[in-house]
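Participant: In terms of this note's numbering, the sequence shown is residues 19 to 274.
The beta carbon of each residue, even a glycine, is placed where N, CA and C say it ideally should be.
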Amino acid sequence: MQDLKQNSVLQPAMPTSWDQDTKAHKFCPGCGHGIILKCLGEAIDELGIKDKMVFGCDIGCSLLAWDFFNVDTVQTHHGRTTPVITGMKRANTDIIGVAYMGDGGGYAIGSQHLFNAAVRGEKITIFLCNNCNYGMTGGQMAPTTLPGMKTETTPYGRDVEQAGYPTKGPEMVAAVAPEGAYVARGTVANPRQLKGFIKKALQNQIDGNGISFVECLAGCPTNWRTNAKQTWEFIEKDMAQYFKVGELRTPQAKEG
Numbered sequence: 019m020q021d022l023k024q025n026s027v028l029q030p031a032m033p034t035s036w037d038q039d040t041k042a043h044k045f046c047p048g049c050g051h052g053i054i055l056k057c058l059g060e061a062i063d064e065l066g067i068k069d070k071m072v073f074g075c076d077i078g079c080s081l082l083a084w085d086f087f088n089v090d091t092v093q094t095h096h097g098r099t100t101p102v103i104t105g106m107k108r109a110n111t112d113i114i115g116v117a118y119m120g121d122g123g124g125y126a127i128g129s130q131h132l133f134n135a136a137v138r139g140e141k142i143t144i145f146l147c148n149n150c151n152y153g154m155t156g157g158q159m160a161p162t163t164l165p166g167m168k169t170e171t172t173p174y175g176r177d178v179e180q181a182g183y184p185t186k187g188p189e190m191v192a193a194v195a196p197e198g199a200y201v202a203r204g205t206v207a208n209p210r211q212l213k214g215f216i217k218k219a220l221q222n223q224i225d226g227n228g229i230s231f232v233e234c235l236a237g238c239p240t241n242w243r244t245n246a247k248q249t250w251e252f253i254e255k256d257m258a259q260y261f262k263v264g265e266l267r268t269p270q271a272k273e274g
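1) If you check the beta carbons only, do Gly204 and Gly48 fall under 7 Å apart?
2) Which value, in whole angstroms, describes the spacing of the CA atoms of Glu265 and Val201?
3) Comparing C-alpha positions only, which one of Arg267, Pro161 and Lys68 sits nearest to Glu197?
4) Under 7 Å Cβ to Cβ from Gly226, same chain only, skipping five residues before and after it: list those, please.
5) Start and end of the alpha helix (DSSP H) containing Asp63?
6) From Ala219 to Asp85, what does the alpha carbon distance come to, in whole angstroms?
7) Over the uninterrupted beta strand (DSSP E) stretch that includes Ala42, give me the two end residues.
8) For Ser80, which option in Gly123, Lys68 and Ile113 has the closest C-alpha, if you only look at C-alpha atoms?
9) Which of helix, strand or coil does DSSP assign to Glu140?
10) Compare the beta carbon distance of Ala61 and Lys217 with 7 Å and say whether it is the shorter of the two.
11) Write down every uninterrupted run of the alpha helix (DSSP H) in the stretch 99 to 177 whose length is 4 residues or greater and which is fully enclosed by it, in chain order.
12) Taking the alpha-carbon of Val194 as reference, which of Phe231, Tyr174 and Pro161 has the nearest alpha-carbon?
13) Quick check: the Cα distance between Leu235 and Gly128, rounded to an integer number of angstroms?
14) Does DSSP classify Phe215 as helix, strand or coil?
15) Residue range of the alpha helix (DSSP H) that Ala246 falls in?
16) Using only alpha-carbon positions, find the residue among Ile229, Met257, His43 and Thr240 that is nearest to Val137.
17) Taking only three categories from DSSP, how would you classify Asp256?
18) Could you work out which residue in Leu212, Val116 and Thr172 is closest to Gln223 when comparing CA atoms only?
19) Which residue or residues does DSSP assign as beta-bridge partners of Arg267?
20) For Asn110, does the count of other Cβ atoms within 10 angstroms reach 16, so buried, or fall short, so exposed?
21) Within 7 Å of any Cβ in chain D, is that where the Cβ of Arg243 sits?
22) Whose CA, out of Phe45, Lys56 and Phe261, lies closest to the CA of Pro209?
23) Can you tell me where the alpha helix (DSSP H) with Gly187 in it begins and where it stops?
24) Measure from the alpha carbon of Ile103 to the alpha carbon of each residue in Asn149, Thr163, Gln221 and Gly74, then state which is nearest.
25) Which residue from Glu64, Ala192 and Asp90 puts its Cα closest to that of Pro269?
26) Could you give the C-beta distance for Thr143 and Asn151, rounded to a whole number, given that I count them as a contact under 8 Å?
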């Protein structure tokens with residue numbers, strides 16, 4: 019496991035604009051949230067579901083997406099995005115309900131909501147950003163922090179004897195969800211594939227099937243203290259080695 023606490027120089031990214039309706043995101047330079055949200059935005063446009071969307075975002079870095087899209091949006095308390103979107107979807111089955119969160123909101127304080135929504139097969143779509151740490155609060159150990167990885171609260175590396183092993187959310191959801199579920203893990207290192215997973219997850223809800231869940235591997239160079247090369251190496255090698263990228267469940271595979 020490489021040491022992620024070494025000093026590096028982060029070059030600030032210049033905001034770009036493609037048209038008058040586009041605005042720069044508010045995340046740190048190199049953050050994976052921007053890539054994930056761009057994939058989501060393109061998927062929404064390509065599927066033509068903007069007017070049916072309800073976008074819920076969690077506390078944490080994900081809350082910075084609250085005004086990123088021109089769709090109906092709600093920001094929830096930490097870990098409560100899944101039940102809020104579940105309630106909205108049950109109250110109005112015509113909406114396309116999306117819950118967006120980080121690994122803390124989904125696998126720590128909100129883990130019970132994710133698990134039970136999966137068991138019930140709630141007809142919502144959940145996107146979770148996995149960057150191996152609590153990004154907004156300074157880079158503490160998260161449920162997804164890799165074994166041996168150094169964070170603000172694991173200066174000597176995560177000790178699995180004390181803290182256990184990292185949470186594998188898609189594997190959990192795939193194991194307990196009933197028929198109709200779509201479950202996948204993508205990475206910002208492959209945006210084209212990631213957008214494909216995101217579109218399939220949205221389409222699964224459009225088709226009226228079960229729960230859709232996509233974990234997105236992403237970088238956090240500010241808290242990892244890595245430069246661009248080190249960041250991409252960690253995403254593509256270390257993270258992808260432990261968190262396998264691909265589709266874990268599809269409605270067709272389950273029912274076929």
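Facilitator: On the basis of the coordinates in this document:
1) On the sequence shown, position 186 is the one that residue 204 refers to. On the sequence shown, position 30 is the one that residue 48 refers to. Cβ atoms of Gly204 and Gly48: not closer than 7 Å.
2) Translated into positions along the sequence shown, residue 265 becomes position 247. Translated into positions along the sequence shown, residue 201 becomes position 183. A direct Cα-to-Cα measurement between Glu265 and Val201 gives close to 6 Å.
3) Taking the sequence shown and counting its residues from 1, the one referred to as residue 197 is at position 179. Taking Glu197 as reference, the option from Arg267, Pro161 and Lys68 with the minimal CA-CA separation is Arg267.
4) The count along the sequence shown starts at 1 and reaches residue 226 at position 208. The residues are Lys141.
5) If you number the sequence shown from 1, residue 63 lands on position 45. That run of the alpha helix (DSSP H) goes His51 to Leu65.
6) Counted from its first residue, the sequence shown places residue 219 at position 201. Counted from its first residue, the sequence shown places residue 85 at position 67. The alpha-carbon atoms of Ala219 and Asp85 are separated by roughly 22 Å.
7) Position 24 of the sequence shown holds residue 42. Unbroken run through Ala42: none, as it is neither H nor E.
8) On the sequence shown, residue 80 is found 62 positions in, with the first residue counted as 1. Distances from the CA of Ser80 to each of Gly123, Lys68 and Ile113 were compared; the closest alpha carbon is that of Gly123.
9) Translated into positions along the sequence shown, residue 140 becomes position 122. Three-state DSSP puts Glu140 in coil, outside helix and strand.
10) The residue you call residue 61 lines up with position 43 of the sequence shown. The residue you call residue 217 lines up with position 199 of the sequence shown. Against a cut-off of 7 Å, the Cβ pair of Lys217 and Ala61 comes out as a contact.
11) DSSP runs (the alpha helix (DSSP H)) wholly in the stretch 99 to 177: 99 to 109, 121 to 125 and 129 to 138.
12) In the sequence shown, the residue the question calls residue 194 occupies position 176. Closest by alpha carbon: Phe231.
13) Translated into the one-based positions of the sequence shown, residue 235 becomes position 217. Translated into the one-based positions of the sequence shown, residue 128 becomes position 110. In this structure, the CA atom of Leu235 is about 18 Å from the CA atom of Gly128.
14) Your numbering for residue 215 matches position 197 in the sequence shown. DSSP places Phe215 in helix when its eight states are reduced to three.
15) Mapped onto the sequence shown, residue 246 falls at position 228. Segment Ala246 to Glu251, the alpha helix (DSSP H) holding Ala246.
16) Locating residue 137 in the sequence shown gives position 119, counting from the first residue. Taking only the C-alpha atoms, the option nearest Val137 is Ile229.
17) Here residue 256 refers to the residue found at position 238 when the sequence shown is read from its first residue. Note: Asp256 maps to helix in three-state DSSP.
18) Here residue 223 corresponds to residue number 205 of the sequence shown, with the count starting at 1. If you compare the alpha carbons of Leu212, Val116 and Thr172 with that of Gln223, the shortest gap goes to Val116.
19) One-based indexing of the sequence shown puts residue 267 at position 249. BP columns for Arg267 point to Val201.
20) By one-based count along the sequence shown, residue 110 stands at place 92. With fewer than 16 other Cβ atoms within 10 Å, it is exposed.
21) Checking the listed chains, one finds no chain D in this structure; it contains a single protein chain.
22) Within the sequence shown, numbered from 1, the residue matching residue 209 stands at position 191. Taking each of Phe45, Lys56 and Phe261 in turn and checking the Cα distance to Pro209, the smallest one comes out for Lys56.
23) Indexing the sequence shown from 1 puts residue 187 at position 169. Note, Gly187: alpha helix (DSSP H), Gly187 to Val194.
24) The count along the sequence shown starts at 1 and reaches residue 103 at position 85. Nearest option by C-alpha distance: Gly74.
25) Here residue 269 refers to the residue found at position 251 when the sequence shown is read from its first residue. The option with the nearest alpha carbon to Pro269 is Ala192.
26) Within the sequence shown, residue 143 is the residue found at index 125, counting from 1. Within the sequence shown, residue 151 is the residue found at index 133, counting from 1. About 25 Å separates the beta carbon of Thr143 from that of Asn151, a gap too long to meet the 8 Å contact definition.
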